[in-house]
Amino acid sequence: MIIELPEHVKYILDTLGEHGYEGYAVGGCVRDALLGRQPQDWDITTNAAPAQVKALFRRTVDTGLQHGTVTVMLDKTGYEVTTYRIDGVYEDGRHPKEVRFTASLSEDLMRRDFTINAMAYNGTDGLVDLFDGIGDLRRGIVRCVGVPKERFTEDALRMMRVIRFSAQLGFAIEQGTLAAVRALASTIQRISVERIQMELLKTITSAHPMNMRLFYETGLSRYFLPEWDAVMETKQNNPHHCYSVGEHVLHSLALVPQDKVLRLAMLFHDVAKPLCRKQDEAGVDHFHGHPQESAQMAEQILRRLKFDNETISRVCSLVRWHDDNPPLTARNVRRAIYRIGEAQYPAIFAVKRADIGAQSDYKKDEKFRYVDDYEALYREIVMKGDCLSVKGLAVNGADLIAAGVPQGKTIGAYLRRLLELVLEEPRRNEKDFLMEQVKIWMAD
Numbered sequence: 170m171i172i173e174l175p176e177h178v179k180y181i182l183d184t185l186g187e188h189g190y191e192g193y194a195v196g197g198c199v200r201d202a203l204l205g206r207q208p209q210d211w212d213i214t215t216n217a218a219p220a221q222v223k224a225l226f227r228r229t230v231d232t233g234l235q236h237g238t239v240t241v242m243l244d245k246t247g248y249e250v251t252t253y254r255i256d257g258v259y260e261d262g263r264h265p266k267e268v269r270f271t272a273s274l275s276e277d278l279m280r281r282d283f284t285i286n287a288m289a290y291n292g293t294d295g296l297v298d299l300f301d302g303i304g305d306l307r308r309g310i311v312r313c314v315g316v317p318k319e320r321f322t323e324d325a326l327r328m329m330r331v332i333r334f335s336a337q338l339g340f341a342i343e344q345g346t347l348a349a350v351r352a353l354a355s356t357i358q359r360i361s362v363e364r365i366q367m368e369l370l371k372t373i374t375s376a377h378p379m380n381m382r383l384f385y386e387t388g389l390s391r392y393f394l395p396e397w398d399a400v401m402e403t404k405q406n407n408p409h410h411c412y413s414v415g416e417h418v419l420h421s422l423a424l425v426p427q428d429k430v431l432r433l434a435m436l437f438h439d440v441a442k443p444l445c446r447k448q449d450e451a452g453v454d455h456f457h458g459h460p461q462e463s464a465q466m467a468e469q470i471l472r473r474l475k476f477d478n479e480t481i482s483r484v485c486s487l488v489r490w491h492d493d494n495p496p497l498t499a500r501n502v503r504r505a506i507y508r509i510g511e512a513q514y515p516a517i518f519a520v521k522r523a524d525i526g527a528q529s530d531y532k533k534d535e536k537f538r539y540v541d542d543y544e545a546l547y548r549e550i551v552m553k554g555d556c557l558s559v560k561g562l563a564v565n566g567a568d569l570i571a572a573g574v575p576q577g578k579t580i581g582a583y584l585r586r587l588l589e590l591v592l593e594e595p596r597r598n599e600k601d602f603l604m605e606q607v608k609i610w611m612a613d
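When we follow the working numbering, the leftmost residue of the sequence shown carries the number 170, and every step to the right adds one.
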C-alpha cells in the first residue's frame, strides 16, 4: 500500500533516515490519505530526541519539548516532529502526569486513541498497522486501541472524539467502545468547557451531524448540555410535525450547509420547546413563544460553552426570528429586514428551509413556496438598493445637528422616524425631502 507523501514530509523523513534515525508520518494524516482525503496536517514521529531533531534542521520551533515535539519549518509551513513516547499516569482524566521517551514505535502507537489513528507510514517500511486500523477503515468502524475503558480513563475527551470521528467519517462506533463511553460518561465533567465546545462544534459541522444523537444516547450530554436531553425527550403531537423535537432538530441540522452559525442555529432553534409545550383539549401540542424563549436559552448555553460574542449574536438572532413570516409585500419585507437585521440575510432562508424540510408533509409545499417568494422579494429589494437601516439614509446625525436639532437622544429618535418614512416608501430617501421633514418636526 503506497501513500503519496508531500515533498516536505519526504525531506524530513529522508533527513532523519540519512542520520540513522527512524521517521514515520503518523496518525490522522495517514488515516485521511488512506481514505483518499487531503490531510490538513502531516505529523511525524521518530526515535530521535528533540535535541537531535533540532540539530538536523535549519529552522525549528520549540512547540512542546516536554512532550517531545519540535516543529520543523520548511517554506513557512510547520511540521510537528515528535519523539516516540510512553504516557505516564493520567491523574486528571485528560493529561499524563509525565511522558517518557522510548525507542519503540510500537510502544508509541499503543498509547494512541483509536485504531484508525494509530497507523504510521514511510516510503521504506510502508504501512505500519499494529491494530488493524486499515481493516477498521474498510469496515467503517471507530474502535479504541486496546481496552476502551483504559483509553477513556486516560483521557475523557476521547469519548467526545469517538463520536466526532464517527460524524466526520460516517463510521459506526464499535460496540465495546460505545459501551465504555456509556459506562464512563460522567467523567466528561473533568474536561474543560473549551475542549468540549471544540468537539461539539466539529460534530455538528461534520458531514453527519445527526450523530449528535449519540451524545444523548451515551449519556454524555447530560453533563455538558442537559438541555439537549430535554429536547430529545419531548414529543410533538402536531400536524406540522412527524418527529419528536429532538429528531426534528437532528434532521434539520443535516439540511443546512456545514457552517458554524447555521448549524448552531438549527441545534438551538427549538431548544425551549420542552418548556413551552402546552397540549389543548384535542391532545394537540402547541409551543407558543418558543422562538423568543429559545433565543434566550441559546444565549445562556453558548455563553456557558464559551463561544465568542459575534457567534452568539448571530446564532441567537436566527433562532429568535426563524419562525417570523412577514406578509409578502415589499413594504413588509423591508421592515422585516430592518427588524431582523441585514446581516441575517440570506442565512434566515437557509434556516427556514431546513426547519420546514424536517417537518411533516402537512402544507410543506405551501411553506416552501412562501420562503421562495420571500427570498425573491428580498433579492429584488437589495438589487434596487432600497435603504434598510439608519446608515443607509441620505442624511446623518451631522446633517441634523447643522439644521439645529439638539444633540443627544433627539438625533437618534429623528433618524429612526426618518427611516420609518423611507421603509414605507424608498423614494423618500432624498436629502432635501428628509431635511424638510425634520424642519416640520422641529416646528411642531
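Glycine is no exception: its CB is placed at the ideal position from the N, C-alpha and C atoms. A quick note: this is a predicted structure, and the numbers were derived from the prediction, not measured.
Under 8 Å between C-beta atoms of residue i and residue j
| i | j | result |
| --- | --- | --- |
| Leu124 | Leu326 | The chain is shown from 170 up to 613; residue 124 falls before or after that span and cannot be answered. |
| Ala516 | Leu431 | yes |
| Ala349 | Pro317 | yes |
| Tyr248 | His177 | yes |
| Leu306 | Ile357 | no |
| Cys485 | Ala519 | no |
| Leu185 | Gly192 | yes |
| Ala194 | Ile213 | yes |
| Val314 | Phe283 | yes |
| Ser335 | Val311 | yes |
| Val564 | Leu603 | yes |
| Gln337 | Ala376 | yes |
| Pro622 | Thr246 | Residue 622 lies beyond the stretch modelled for the chain, which goes from 170 to 613, so this question has no answer here. |
| Met328 | Leu353 | yes |
| Thr232 | Val239 | yes |
| Gly295 | Phe340 | no |
Cβ-based neighbour list, residue i, same chain, cut-off 8 Å, excluding 5 preceding and 5 following
| i | result |
| --- | --- |
| Pro595 | Arg503, Lys553, Asp555 and Cys556 |
| Tyr507 | Leu557, Ser558, Leu588 and Leu592 |
| Asp301 | Thr284 |
| His491 | Ala434, His438, Pro460, Ile517, Val520, Lys521 and Asp524 |
| Val574 | Ile580, Tyr583, Val607 and Met611 |
| Pro495 | Asn501, Val502, Arg504, Ala505 and Tyr543 |
| Tyr550 | Note on identity: in this sequence residue 550 is Ile, with Tyr being the wrong assignment. Ala499, Val502, Arg503, Ile506 and Leu557. |
Exposed unless 16 or more other CB atoms sit within 10 angstroms - verdict on residue i
| i | result |
| --- | --- |
| Lys521 | buried |
| Leu562 | buried |
| Trp610 | exposed |
| Gly197 | buried |
| Glu343 | buried |
| Thr374 | buried |
| Glu368 | buried |
| Lys608 | exposed |
| Gln207 | exposed |
| Val331 | buried |
| Ala111 | The structure shown does not extend to residue 111, since the chain spans only 170 to 613, so no value can be given for it. |
| Gln235 | exposed |
| Ala512 | exposed |
| Thr215 | buried |
| Glu187 | exposed |
| Val425 | buried |
Reference residue i, options the options, closest by Cα
| i | options | result |
| --- | --- | --- |
| Arg333 | Lys371, Gln576, Asp210 and Gln465 | Lys371 |
| Val268 | Gly237, Gly295 and Asp282 | Gly237 |
| Ala217 | Lys578, Asp244 and Arg254 | Arg254 |
| Thr498 | Gln461, His455, Trp490 and Leu592 | Leu592 |
| Gln405 | His491, Glu462, Lys442 and Lys600 | Lys442 |
| Arg351 | Pro575, Arg330, Glu386 and Ser335 | Glu386 |
| Glu402 | Pro378, Gln606, Ala571 and Val414 | Val414 |
| Ala287 | Val199, Thr252, Asp294 and Asp542 | Val199 |
| Val418 | Pro575, Ala582, Arg538 and Ser529 | Ser529 |
| Asn380 | Arg364, Leu182 and Ala423 | Ala423 |
| Arg138 | Asp201, Arg320, Ile365 and Lys245 | This structure leaves residue 138 out entirely; the chain is present only between 170 and 613. |
| Gly566 | Tyr412, Tyr543 and Arg586 | Arg586 |
| Thr179 | Ser482, Thr293 and Arg228 | Residue identity check: residue 179 is Lys in the sequence provided, not Thr. Answer by Cα proximity: Thr293. |
| Tyr531 | Ala341, Asp541, His409 and Pro219 | His409 |
| Glu323 | Arg473, Phe393 and Arg359 | Arg359 |
Same chain, Cβ closer than 7 Å to residue i, five either side skipped, listed in chain order
| i | result |
| --- | --- |
| Ala467 | Phe437, Val440, Val484, Cys485 and Val488 |
| Val453 | Asn406 and Asn407 |
| Ile181 | Gly192, Ile213, Val241, Tyr248 and Val250 |
| Gly510 | Ser486 |
| Arg364 | Leu326 |
Rounded Cβ spacing between residue i and residue j (contact assumed at less than 8 Å)
| i | j | result |
| --- | --- | --- |
| Ala523 | Ser421 | 4 Å |
| His457 | Lys447 | 7 Å |
| Gly547 | Tyr514 | Note that residue 547 is Tyr in the sequence shown here, rather than Gly. With 8 Å as the limit, Tyr547 and Tyr514 qualify as a contact, their Cβ atoms being about 6 Å apart. |
| Lys429 | Thr346 | Rounded, the Cβ-Cβ distance is 28 Å, inconsistent with contact. |
| Gln366 | Phe476 | 7 Å |
Neighbourhood of residue i by C-beta, 6 Å cutoff - its chain only, sequence neighbours within 5 removed
| i | result |
| --- | --- |
| Leu444 | none |
| Glu276 | Ile255 |
| Lys536 | Ile525 |
| Leu471 | Ile481 |
| Arg391 | Asp398 |
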